[in-house]
Each structure stands twice: as structure tokens, then as C-alpha cells.
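2 protein chains.
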Amino acid sequence: MRILLIEDEPEMASVLKTALERQDIIVDHAATLADAEAVARLGHHDAVVLDRRLPDGDGLSLIPRLRALHLDVPVIALTALSGLDDRVAGLDAGADDYMVKPFATVELVARLNALHRRSFTTRANQVMVGRLTYDFRHREALVEDQALELPRRERLVLETLIRRPGRTIMRGALEEAVYALDDEIGSNALDAHISRLRRKLDDVAAGIEIRAIRNLGYLLRAAS
Amino acid sequence: MRILLIEDEPEMASVLKTALERQDIIVDHAATLADAEAVARLGHHDAVVLDRRLPDGDGLSLIPRLRALHLDVPVIALTALSGLDDRVAGLDAGADDYMVKPFATVELVARLNALHRRSFTTRANQVMVGRLTYDFRHREALVEDQALELPRRERLVLETLIRRPGRTIMRGALEEAVYALDDEIGSNALDAHISRLRRKLDDVAAGIEIRAIRNLGYLLRAAS
DNA sequence: TCCTGCGTAATGCCGATGCAATCTTCACAC
DNA sequence: GTGTGAAGATTGCATCGGCATTACGCAGGA
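Protein sequences appear in the order of chains A and B. Residue numbers for the first sequence follow this note's numbering, beginning at 1 and rising by one. Residue numbers for the second sequence follow this note's numbering, beginning at 225 and rising by one.
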């Protein structure tokens with residue numbers, strides 16, 4: 001696992017870095033928001049540990065900027081303040097977890113591991129289900145190392161489903177992923193895409209099944 | 225191949241740029257360390273040519289910063305100093321190669337090519353798709369041992385596509401490979417090159433197809 | 001000066017997409 | 001087991017936008 005530690009106090013940073021590295025966690029360190037953003041953009045990290053009080057602003061302000069770049073890296077916010085308001089602010093801003101200083105580093109490690117496990121499948125840039133590999137970096141589906149050509153909508157559907165194999169994706173979530181907010185969508189356009197996608201996956205014997213969950217959504221899994 | 229040239233003397237920069245471009249190398253130019261770092265971070269380059277004496281510091285200081293960002297791009301350091309100490313300093317700092325001014329540009333080109341090949345070690349010097357063989361060492365396309373003459377841009381397109389046969393190359397990646405940063409590219413210049421390249425490949429019955437992936441990019445593969 | 005490479009723009013074409021009609025499957029009740 | 005209604009699946013069709021192609025003019029090298 002590799003994380004980005006954003007913390008301006010040198011001593012705190014050093015202590016944390018040492019503790020994390022002892023747990024086999026790779027730590028990149030940034031002391032300012034500007035640096036942090038530049039580094040985070042590279043997308044190398046499995047998690048971000050973010051101090052709120054930084055020389056160039058509130059750490060939380062980084063989160064929406066990362067999200068805007070489609071960096072869905074989980075974020076743990078650190079703060080000296082323990083008030084409920086601050087906790088809410090942190091989670092509102094999109095932090096995935098929240099720790100109040102002072103805290104035991106073992107707890108931070110534990111939470112990082114938890115986040116990592118939780119998001120592991122979604123963050124790898126390749127996911128494999130059945131005989132199908134989806135490469136998020138190149139945005140292509142591969143069967144036996146051959147690209148499977150998928151048009152835009154179908155590809156978006158597949159991307160969304162394969163991020164959480166075997167889990168239900170609600171219909172609304174799918175629509176959000178496939179259509180922009182201002183794209184009005186009537187009728188059953190989504191169903192049609194699912195249908196076409198299924199057909200293509202069958203044609204190449206991808207060993208994948210897309211199941212409808214009535215009144216809820218769909219899930220993708222290796223065919224039994 | 226695309227490189228980042230970091231050199232503050234305008235004349236030197238201009239001469240090198242011209243010489244390299246004559247060898248079909250795409251050159252992005254930065255005059256300061258700050259600029260260079262910002263551009264290098266984009267990860268577009270196959271190599272960095274780095275002058276040591278720069279207005280904002282010793283060029284070598286860039287290398288550890290790039291490594292910290294896990295940019296493993298090879299670096300050739302240029303210097304006016306030929307002392308052993310300087311050579312050691314350069315290699316210590318992580319430069320892959322080292323040249324003392326003044327030097328012959330042909331030598332620089334040769335070393336760049338060597339580095340480039342080395343960084344593609346996993347890849348053969350020749351790739352064959354359909355009836356077409358592309359020889360990266362001599363930078364020529366062969367059909368039945370007959371060289372196929374391709375102008376610069378078309379060859380760059382082919383090189384990029386054939387590196388990953390049967391896989392999608394995103395439009396942006398193609399543009400990066402074929403054009404320098406400051407080359408304004410409007411309209412459909414890339415499309416036009418693809419079209420001309422296709423025509424030439426068809427003319428010699430190369431047995432190759434270049435497919436468009438709508439909204440994404442292109443893919444090259446043996447014709448079915 | 002001629003020639004070739006290149007970028008641009010106009011035009012034509014085809015695939016992707018949304019829609020709607022029709023068929024199939026599922027859950028539940030009896 | 002079976003009937004029924006609702007949700008889902010599939011497919012043909014018209015539309016639209018992106019890609020392909022080609023002609024043209026410019027620029028740089030022979």
C-alpha cells in the first residue's frame with residue numbers, strides 16, 4: 001500500500017511516516033496543499049492522510065478538487081478539533097474517515113488497512129472477472145489480451161458494474177454513471193445497453209453474467 | 225520518441241531542438257527547473273536531456289524529485305564541466321548518462337536511442353502484425369522485406385499504434401506521441417494522418433486494419 | 001522552382017444511441 | 001400448478017454526431 005501524507009508539522013510528519021513505513025506502507029509526504037495536489041494527481045496512492053490545518057488553507061478543500069479530477073482515492077482527515085461540527089464538515093467534504101489528534105498510530109494503520117481492503121477492487125487499474133479483464137487506465141475490456149470493442153454507453157455500464165463485481169449496483173447509480181446530469185433519459189435506454197452489452201460478452205465467451213435484481217438494479221459476476 | 229529538453233541558453237536550446245527534431249524526435253523545451261518539473265510530471269516523455277547549470281539551480285536536483293514521483297524516465301545530463309567529480313555527481317544523482325559540452329548532436333541522438341531501446345527491453349526491436357514488420361531500430365516499416373516509405377507524422381502514428389497491437393490507444397496518447405506540447409493542433413490533423421497511413425498500408429496489402437474506437441481512440445490489428 | 005509533407009475545412013457516410021413495440025421472465029396469490 | 005401483472009429483455013428503426021476522405025493552400029527542402 002502507498003499513501004500520501006499531507007502534514008505541515010515536520011515532527012508529526014516524521015513520526016507518522018516512520019510508524020507507517022514500519023508497517024510496510026509506502027509514504028509520500030507533502031507539506032502544503034499545492035504540493036499535495038500536484039502529487040496526488042499522479043494517482044499513485046491508495047489513500048490520502050490529510051491534516052486540516054495547513055499553511056495554505058484547510059486540507060478539506062483538497063478533496064473536492066481531487067474528486068473533480070476523478071481521483072477517487074479514499075481520504076482520512078486528521079484534526080486537532082473533536083467537535084461534532086468538525087466531524088460533520090470532514091465527512092461532508094467527502095473524507096472517508098476521520099481521526100482526532102492525538103491518536104494512536106496503530107489505529108491509523110488499522111483504518112488505512114480497512115480502507116485499502118474496502119476499495120481495493122475499485123482502485124486497481126485492472127479488474128478481472130471470469131475471462132474478462134477490464135483495464136481502467138486504457139479504458140478497454142480484454143478477453144485473452146484482445147480488446148473487446150465497446151461503444152461509449154456500453155463501456156460506461158461495464159465500468160460501473162465491474163468496479164464492484166458480485167455486488168448490486170442500483171439502477172439510479174448506473175444511470176448517473178452513464179448519463180450526464182442534464183441528459184434527460186426516458187424509456188428504457190439503459191436496459192437496451194445492458195442487453196447489447198450482454199450479447200457482446202456472450203459472443204466472446206467472457207464467462208460473465210449480468211443479473212437483474214428486480215426493482216433494485218444489476219450485478220455482474222462470473223458465470224456459474 | 226519524445227523528450228524533454230531542459231536548457232536555459234536559447235541558442236543552445238534551439239540548435240539541439242532542431243537537430244533532434246530532424247531525427248524525428250518530438251522535443252518539449254523548458255528553460256527553468258520549475259518549468260521542467262511541471263512538464264516532466266505529465267509523464268509524456270521517453271527521456272530527459274538536462275543541462276546542469278540552470279537559472280534556478282543545479283539541474284541534477286531535479287532527478288531525485290522526479291524519482292520521488294516515481295517517474296522513472298531516463299535522464300541524460302549535460303555539463304560544461306568534465307571533471308571526474310562532476311561525472312560522479314551526475315551518476316550519483318541518478319542520471320542514466322552524461323555528456324560533456326561541447327558534444328556532437330549525433331552522439332546525443334545515439335545515446336537517446338540507446339536509452340529508449342533499453343527502456344523498452346521487454347519489447348522486441350521488431351514487431352510484426354499481419355504482413356507488416358516494424359523495425360524500431362531502423363525506424364522503418366517492412367512488407368515482404370520491402371521498406372514502406374512513411375513521412376514523419378504517419379510513421380509516428382504507426383509506431384505508437386503498433387507498440388500495442390490489438391489494444392486501444394487513446395486519442396490523447398496519440399496526440400502526445402505525435403505532437404510537442406506547444407504544437408497547436410486544431411481540427412482533425414490526426415485523423416488525416418490516420419487516413420493517409422491507412423491508404424498506404426492498403427496499397428501494399430499489409431494486412432493491417434486501423435480501427436477507430438468512437439470517442440476514445442484507435443487500435444491497430446491484423447485484418448480479419 | 002518544383003515537390004513533398006502537412007494542416008485545414010467541406011462533404012459524405014456509417015455506427016451509436018434513444019425510443020417504442022413486442023416478447024419473456026419473475027413473484028405472488030390461489 | 002397456474003394465472004396475472006409488472007419488470008425486464010430484445011430488436012427494428014430513425015436520428016445524429018463522429019469519423020473518413022479528399023481537395024486545397026502553404027511552407028520548407030531539394
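Yeah, the Cβ is synthetic: ideal placement off N, Cα and C, and Gly gets one too.
- Query: Count the other CB atoms within 10 Å of the CB of R163(A); is the residue buried (16 or more) or exposed (fewer)?
  - Reply: R163(A) should be labelled buried.
- Query: Which of the residues in the region 350–373 of chain B, read from start to end, lie with their CB under 9 Å from any CB of chain A?
  - Reply: Of all residues in the region 350–373 of chain B, none has a C-beta nearer than 9 Å to a C-beta of chain A.
- How should I213(A) be labelled, buried or exposed, when 16 other C-beta atoms within 10 angstroms of its C-beta is the threshold for buried? With fewer than 16 Cβ atoms within 10 Å of its Cβ, I213(A) is classed as exposed.
- Contacts that R152(A) makes with chain B (C-beta to C-beta distance below 9 Å): R438, N439, L440
- Item | Chain-ordered chain A contacts of R391(B) [CB-CB under 9 Å] | D135, H138, E140, L142, D145, Q146, A147
- Query: Under 8 Å, do D248(B) and R376(B) count as touching if we go by C-beta distance?
  - Reply: yes
- For the region 352–364 of chain B and the region 322–330 of chain B, state whether three or more C-beta atom pairs, one from each stretch, are separated by less than 8 Å. Not touching, per the Cβ criterion.
- Note down, in chain order, every chain A residue with its Cβ under 9 Å from the Cβ of L443(B). Those are E140, A147, E149, listed as they occur along chain A.
- Message: What does the Cβ neighbour count give for R226(B), buried or exposed, with the cut at 16 atoms within 10 Å?
- Response: buried
- Mapping DSSP to helix, strand and coil, what is A189(A)? helix
- Task: Starting from D321(B), follow its DSSP beta bridges and name the residues at the other end.
- Result: I300(B)
- Would you say M394(B) reaches chain A, if we count a Cβ-Cβ gap shorter than 8 Å as a contact? yes
- Note down the Cα distance separating T303(B) from R276(B), rounded to an integer number of angstroms. 6 Å
- Taking only the alpha-carbon atoms, compute the straight-line gap between E144(A) and L132(A) and give it to the nearest angstrom. 8 Å
- Query: Is T18(A) helix, strand or coil by DSSP?
  - Reply: helix
- Task: With DSSP collapsed to three states, give me the class of E373(B).
- Result: Residue state for E373(B) is assigned as coil, using DSSP reduced to three classes.
- For V204(A), which of helix, strand or coil comes out of DSSP? In the structure shown, V204(A) sits in coil (DSSP, three-state: anything other than H, G, I, E or B).
- Whole-angstrom distance between L380(B) and A416(B), CA atom to CA atom: 13 Å
- Pair within 8 Å by beta-carbon distance, V263(B) and I300(B): Remark: C-beta atoms of V263(B) and I300(B) do not approach each other more closely than 8 Å.
- Tell me, which residues are paired with A141(A) by DSSP? Y134(A), L148(A)
- Would you kindly check if the distance between the Cβ of L142(A) and the Cβ of L150(A) is under 8 Å? No. Outside cutoff.
- Task: Look at L71(A) and A30(A) and say whether their C-beta atoms are less than 8 Å apart.
- Result: no
- Message: Closest to N337(B) by C-alpha separation, out of A413(B), T256(B), R363(B), would be which residue?
- Response: R363(B)
- Item | Bounding residues of the alpha helix (DSSP H) (the contiguous stretch that carries R221(A)) | For R221(A), no alpha helix (DSSP H) encloses it; the enclosing beta strand (DSSP E) starts and ends at 217–222.
- Return the residue from the list D320(B), L339(B), R391(B), G431(B) that minimises the CA-CA distance to G441(B). R391(B)
- Query: Which two residues bound the contiguous beta strand (DSSP E) that contains D51(A)?
  - Reply: 47–51
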